[in-house]
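Per the numbering used here, the very first residue in the sequence shown carries number 45; after that it's consecutive.
To keep things clear, I will list the structure first and then write my remarks on it.
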Amino acid sequence: MVFGHNGGVTTRLTVSDPAGARFDLDAIGTGLVFADALGELAEALRAGGPAGTAVVQAPPGTGKTTLVPPLLANLAINLAAGANPANLAAGAADLAAQANGPRPRVVVSQPRRVAARSAARRLAALDGSRLGDRVGYTVRGERKAGPETLIEFVTPGILLRRLLADPGLETTSAVILDEVHERGLETDLLLGMLTEVRQLRGDLTLVAMSATLDAPRFAALIGAYDGGGPAPVVDCPSALQPLEVRWVPGAAPRLDDRGVTRAFLDHVADTAVAAQAEAHTVDPDIDALVFLPGAWEVQYVAARLRERAGPRVEVLELHGRIGPAAQDRAVSGRVPGGLPRIIVSTALAESSLTVPGVRLVVDSGLSREPRRDSTRGMSGLVTGSCSRASADQRAGRAARQGPGLVVRCYDQKTFGAAPAHRTPEIAAADLTGAALVLACWGAPSGRGLTLPDAPPQAAMNEAIEVLSELGAVGPDGLATDLGKTLARIPADPRLARALLDGTAVVGQRTAAETVALVSGDLRAPGADLTRLLTTLRTDRTPEARRWVEDVRRMAAIARQEESAAPFSPAVPVTAAESVGFVVALAFPDRVAHRVPVAGPQQYLLSSGTRAGLPAGSALSGHEWLAVAEVSRAQGRDAAGTGAVIRSAAALTADTAEAAAGHLLSETVEAVFSLGRVTARRERRLGAIVLSSTPVRPPAEEGRAAVARAMETEGLGMVGWSTAADGLRRRLALLHRELGDPWPDVSERALLARLDEWLAPELEALASGTATAGIDLADPLRRLLPWPDAARLGGLAPERLEVPSGSRVRIGYPDVADDAGRPVVAVKLQECFGWAQTPRLVDGRVPVLFHLLSPAGRPLAVTDDLASFWSGPYAQVRAQMRGRYPKHPWPEDPWTAPATARTKNRM
Numbered sequence: 045m046v047f048g049h050n051g052g053v054t055t056r057l058t059v060s061d062p063a064g065a066r067f068d069l070d071a072i073g074t075g076l077v078f079a080d081a082l083g084e085l086a087e088a089l090r091a092g093g094p095a096g097t098a099v100v101q102a103p104p105g106t107g108k109t110t111l112v113p114p115l116l117a118n119l120a121i122n123l124a125a126g127a128n129p130a131n132l133a134a135g136a137a138d139l140a141a142q143a144n145g146p147r148p149r150v151v152v153s154q155p156r157r158v159a160a161r162s163a164a165r166r167l168a169a170l171d172g173s174r175l176g177d178r179v180g181y182t183v184r185g186e187r188k189a190g191p192e193t194l195i196e197f198v199t200p201g202i203l204l205r206r207l208l209a210d211p212g213l214e215t216t217s218a219v220i221l222d223e224v225h226e227r228g229l230e231t232d233l234l235l236g237m238l239t240e241v242r243q244l245r246g247d248l249t250l251v252a253m254s255a256t257l258d259a260p261r262f263a264a265l266i267g268a269y270d271g272g273g274p275a276p277v278v279d280c281p282s283a284l285q286p287l288e289v290r291w292v293p294g295a296a297p298r299l300d301d302r303g304v305t306r307a308f309l310d311h312v313a314d315t316a317v318a319a320q321a322e323a324h325t326v327d328p329d330i331d332a333l334v335f336l337p338g339a340w341e342v343q344y345v346a347a348r349l350r351e352r353a354g355p356r357v358e359v360l361e362l363h364g365r366i367g368p369a370a371q372d373r374a375v376s377g378r379v380p381g382g383l384p385r386i387i388v389s390t391a392l393a394e395s396s397l398t399v400p401g402v403r404l405v406v407d408s409g410l411s412r413e414p415r416r417d418s419t420r421g422m423s424g425l426v427t428g429s430c431s432r433a434s435a436d437q438r439a440g441r442a443a444r445q446g447p448g449l450v451v452r453c454y455d456q457k458t459f460g461a462a463p464a465h466r467t468p469e470i471a472a473a474d475l476t477g478a479a480l481v482l483a484c485w486g487a488p489s490g491r492g493l494t495l496p497d498a499p500p501q502a503a504m505n506e507a508i509e510v511l512s513e514l515g516a517v518g519p520d521g522l523a524t525d526l527g528k529t530l531a532r533i534p535a536d537p538r539l540a541r542a543l544l545d546g547t548a549v550v551g552q553r554t555a556a557e558t559v560a561l562v563s564g565d566l567r568a569p570g571a572d573l574t575r576l577l578t579t580l581r582t583d584r585t586p587e588a589r590r591w592v593e594d595v596r597r598m599a600a601i602a603r604q605e606e607s608a609a610p611f612s613p614a615v616p617v618t619a620a621e622s623v624g625f626v627v628a629l630a631f632p633d634r635v636a637h638r639v640p641v642a643g644p645q646q647y648l649l650s651s652g653t654r655a656g657l658p659a660g661s662a663l664s665g666h667e668w669l670a671v672a673e674v675s676r677a678q679g680r681d682a683a684g685t686g687a688v689i690r691s692a693a694a695l696t697a698d699t700a701e702a703a704a705g706h707l708l709s710e711t712v713e714a715v716f717s718l719g720r721v722t723a724r725r726e727r728r729l730g731a732i733v734l735s736s737t738p739v740r741p742p743a744e745e746g747r748a749a750v751a752r753a754m755e756t757e758g759l760g761m762v763g764w765s766t767a768a769d770g771l772r773r774r775l776a777l778l779h780r781e782l783g784d785p786w787p788d789v790s791e792r793a794l795l796a797r798l799d800e801w802l803a804p805e806l807e808a809l810a811s812g813t814a815t816a817g818i819d820l821a822d823p824l825r826r827l828l829p830w831p832d833a834a835r836l837g838g839l840a841p842e843r844l845e846v847p848s849g850s851r852v853r854i855g856y857p858d859v860a861d862d863a864g865r866p867v868v869a870v871k872l873q874e875c876f877g878w879a880q881t882p883r884l885v886d887g888r889v890p891v892l893f894h895l896l897s898p899a900g901r902p903l904a905v906t907d908d909l910a911s912f913w914s915g916p917y918a919q920v921r922a923q924m925r926g927r928y929p930k931h932p933w934p935e936d937p938w939t940a941p942a943t944a945r946t947k948n949r950m
């Protein structure tokens, strides 16, 4: 049996195998490029003894998914039979004895169900065995494996739950994590958790497989078998044939406010028809693969292709909503003599599996990935440009089995502007489920666990808060008994709790139906879950059949875990409300109440987010909704909220309060508005106000309202009277020039000392007194230092007597002006004969004079009167005496009498 080539030397395993346990790698590896790397991988794993580690880096299509599992199975069989790892040879007696004991199993994690099934089916066919015997798979709701299974393909979620149930994976000899470069959240968790398992089990082999250049990073994460450095990396050259790239952008934009435009989808369909017809003239055996971001777009384009291509082409869909048989048919090769095929797929076909016959790829360049909106506390799928790495992966599908062509329905500029790599799911997704897994594993929030990327702290904190409210984690962050029960249910922890609690109220069947409805990849028309449920109960579509299987599984779990349900509400729930009630149990923060606004209907969620319904939704008009999914609108939604309700069911006020009772509160809310404190007694369901009654503001709430207003509006909320403002300015000048003991009267300083100078007024405001009845002048005097306060009038007087006898108000600089001067604005004639400029603050600060015309307009600004009379005055006199002849303009201002009167009244 040939393992492959290692440094030009062929490594063979020649053993007697009467039990027929080993896989024939020669036969399985025929035509696969990775066969040449098997020897190197075998040597790397043998070096680790019973617990080898390795990272396999091989491009798509090389055969790593087909060849690595049977290689590890063969190694495990020899070790289990007592063979010497150095020569991998075992006698017939050893093998016969081993055949009677438990067989070592290799578990292969595949990120998608269709990939797990397809890989298992292909390997079983190459092995010549029946699917489910030596090679099998387990995915959600489907299992083809048994006691004799040596290689089992599973999805990451299945393997996570096995780890929680059996942390040692005692019946597993090796684990292969395939497609780790995709950075799925569950695969990232598996990497960290399995690295810990290897520290407890010295005989567990761990291999990570990647199709990109991230291999060194994963090698460092899982480490070598002896902990002395990174795991060995086994590389394999690309198996791609020559690939032609064409750019065929459409005239219409790809995206608008509502998502992917129909005009662009029509362009994709037209491009696919034309490209497939051209390829068929070259080679009639060429099939096409079209990539689109989601199931709806796949269905739309597939329908257009059937219209335009006619009966000469078979159009197949590949996405998560079709049944397993339809998925398997799409990824299988063309039957002999069959029609040319166009497979229209989501990113499901981007990696993990090879679709036979495909040598033409038509790529929309779009993907739909999870994104978390931290400001609104919601998560959802967002459509945008796929990463350049994803685009290259898609293109590579065309060149696996011969020269290929990829037609990109966008331009090179758009490709260059796309992100280089896909965002790791851990950085963008809701982490509630992941947080529960980590809590059950004994690593709350991922502490101490080696992960490719640490989870965002804010998102993890929110997830822990949700789990705490569910009763799934304790104060120490570890899972409670209820949390461990919820982790066993293959659904979001909130839905798992709703399944248990809802069963006690609406019955197992309805609770199971609702949870299966929300957790499945199903599209609710007009966001109406109840309407979707009615349809699924009578449909015979693959989508409906899959839902029925999910319902059976959920109902069985509900029966098994019935004792774990601690919930028993007093309110009766009618059949019409049962779906909404279960949804509200799962997502109490998304219970929504209609907002009375003009225009399109808006709903306020108990979390505080506003959202609108899709246009034409049958749910419009309902006062209360239980929202299962709300996501950010692609553009500006019709309701103008920026968020759209994607799925929901109707509720009543009573059932909303019963389901989300822990969010009920009754408080007195005091606010400072329009110059006074007012208060209302409010009953709320989260952010939703159920009732509001005016009441007299209690002292404590009133003080809090005033304090909040002070923090945002400052002392301006009370207002500065002329007297108060003048006093404050005078004190500010004294503090600037003399310092202590004169007080700092800046806004910051005054707010810091409110209790020292404004306490009585604050109490009055808190009790409902209007700000109009409060003058800050008297409170400000409480800050005057004694006995220094007696000198206030001399140091910074309110008014200054000028030679005419008038007492003119002094304008002091603004409190925030660090260089301002006191200003006296006075008519020029009132200052005749005044040679010495007055100075304030014990002579430190000269007064700045604004000398005015008889009409009150500025003629000069000076703080040196003597210089003004001796110089500029003559020019002012020449300009002004003709304009104001009734006022004195003497040639000698030194001896002229100062006056505020005209000549006739002097």
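Just so you know, even glycine gets a beta-carbon here, dropped at the ideal spot from N, CA and C.
Under a three-way DSSP split, which group does residue i fall into?
i: Asp300; result: strand
i: Glu361; result: strand
i: Ala275; result: coil
i: Ile689; result: strand
i: Trp801; result: helix
i: Lys930; result: coil
i: Ser153; result: strand
i: Ser914; result: helix
i: Tyr181; result: strand
i: His637; result: strand
i: Trp786; result: coil
i: Ser173; result: coil
i: Ser429; result: strand
i: His894; result: strand
i: Arg6; result: Shown here, the chain extends from 45 to 950; a query on residue 6 therefore has no answer.
i: Val617; result: coil
Whose C-alpha, out of the options, is nearest the C-alpha of residue i?
i: Pro902; options: Thr881, Ser914, Pro882 and Met924; result: Met924
i: Gly770; options: Ala810, Ala731 and Leu836; result: Leu836
i: Leu511; options: His666, Ala478 and Leu362; result: Ala478
i: Ala670; options: Leu309, Ala642 and Ala703; result: Ala703
i: Ala600; options: Leu543, Arg690 and Leu573; result: Leu543
i: Asp222; options: Met253, Asn505 and Asp858; result: Met253
i: Leu827; options: Gly855, Leu794, Gly838 and Arg851; result: Leu794
Measuring from the CB of residue i, is there a heavy atom of the ligand ATP at a distance below 7 Å?
i: Gly92; result: Here there are no bound small molecules, and the ligand ATP is not part of this structure.
So, for residue i: in the same chain, excluding its five sequence neighbours on each side, which residues have a beta-carbon less than 7 Å away from its beta-carbon?
i: Ala28; result: Nothing about residue 28 can be read from this structure; the chain reaches only from 45 to 950.
Between residue i and the rest of its own chain, which residues show a CB-CB distance below 8 Å, the 5 nearest in sequence each way excluded?
i: Arg187; result: Gly180 and Tyr181
i: Arg603; result: Gln552
i: Ala189; result: Gly176, Gly180, Tyr181, Thr182 and Glu196
i: Ala137; result: Below a pLDDT of 50, predicted positions are generally treated as unreliable, and Ala137, at 36, falls in that range; the measurement from the model is reported next regardless. Excluding positions up to five away in sequence, the list is empty.
i: Asn205; result: Checking the sequence, you will find Arg at residue 205 rather than Asn. Excluding positions up to five away in sequence, the list reads Ala531, Arg532 and Pro534.
Can you list, in chain order, the residues of its chain whose CB lies under 6 Å from that of residue i, leaving out five sequence neighbours each side?
i: Leu580; result: Ala588 and Trp591
i: Arg415; result: Val426 and Ala472
i: Ala507; result: Leu475, Thr476 and Ala479
i: Arg290; result: Val451
(message) With three or more C-beta pairs closer than 8 Å as the rule, is the region 264–282 touching the region 94–108?
(response) Taking 8 Å as the limit for Cβ pairs, the verdict is that the region 264–282 does touch the region 94–108.
(request) Run through the region 707–775 for me and flag every whole alpha helix (DSSP H) of 4 or more residues, listed as ranges in chain order. (result) Counting only runs of 4 or more, we get 743–757.
(request) Specify whether the region 771–788 and the region 735–746 touch according to this definition: at least 3 beta carbon pairs, one from each stretch, less than 8 Å apart. (result) Taking a contact to require three or more Cβ pairs closer than 8 Å, the region 771–788 and the region 735–746 do not qualify as touching.
(message) Would you call the region 840–856 in contact with the region 907–924, where contact means no fewer than 3 C-beta pairs closer than 8 Å?
(response) Segments in contact, no.
(request) Take every Cβ of the region 476–491, pair it with every Cβ of the region 512–525, and state whether three or more of those distances are shorter than 8 Å. (result) Because the criterion of three Cβ pairs below 8 Å is met, the region 476–491 and the region 512–525 touch.
(request) Entirely within the region 788–848 and at least 4 residues each: give me those alpha helix (DSSP H) ranges in chain order. (result) If we require 4 residues or more, the alpha helix (DSSP H) runs fully inside the region 788–848 come out as 791–796, 798–801, 803–810, 821–825 and 836–839.
(message) Measuring CB atoms only, is the region 448–460 touching the region 396–407, in the sense that at least three cross pairs come out at less than 8 Å?
(response) Below 8 Å, enough C-beta pairs join the region 448–460 and the region 396–407 to call them touching: three or more.
(request) Evaluate the contact criterion for the region 758–772 versus the region 807–820: three or more CB pairs, one atom per stretch, below 8 Å. (result) The region 758–772 vs the region 807–820: in contact.
(request) Please confirm if the region 360–373 is in contact with the region 427–445, defined as three or more CB-CB distances below 8 Å between the two stretches. (result) Result no; under three Cβ-Cβ pairs closer than 8 Å.
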